[in-house]
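Numbering (UniProt numbering), first residue to last: 1 to 66.
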């Protein structure tokens with residue numbers, strides 16, 4: 001965290017993280033058969049033999065309507 005950040009900011013981040021955990025748990029109960037990946041962008045061991053770039057460029061261009 002940046003130096004000089006007040007305790008209010010720390011409390012806000014901790015509340016946000018707690019709310020996120022509560023929501024994830026609520027969704028896991030509601031959708032029991034749903035498989036939730038915690039972080040789909042993390043490098044995983046099963047990907048070590050696959051040739052690919054670690055960082056992919058992001059293309060946010062909206063295609064023209066045809």
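Ideal Cβ positions, reconstructed from N, Cα and C, are used throughout, including at glycine.
Since we're looking at a predicted model, the values are computed, not measured.
- Item | Nearest-angstrom Cα separation, counted from residue 24 out to residue 6 | Counted from its first residue, the chain shown places residue 6 at position 6. Counted from its first residue, the chain shown places residue 24 at position 24. Residue 6 and residue 24: Cα-Cα distance of roughly 28 Å.
- Residue closest to residue 40, alpha-carbon to alpha-carbon, out of 60, 64, 54, 30: One-based indexing of the chain shown puts residue 40 at position 40. Ranking the options by Cα distance to residue 40, first place goes to 54.
- Message: Threshold first: 4 residues or longer. Then list the alpha helix (DSSP H) segments lying entirely within the region 10 to 62, N to C.
- Response: As far as the region 10 to 62 is concerned, it has no whole alpha helix (DSSP H) run of at least 4 residues.
- CB-CB under 8 Å to residue 43, same chain, minus the five flanking residues each way: which ones, in chain order? Residue 43 sits at position 43 when you count from the first residue of the chain shown. Excluding positions up to five away in sequence, the list reads 54.
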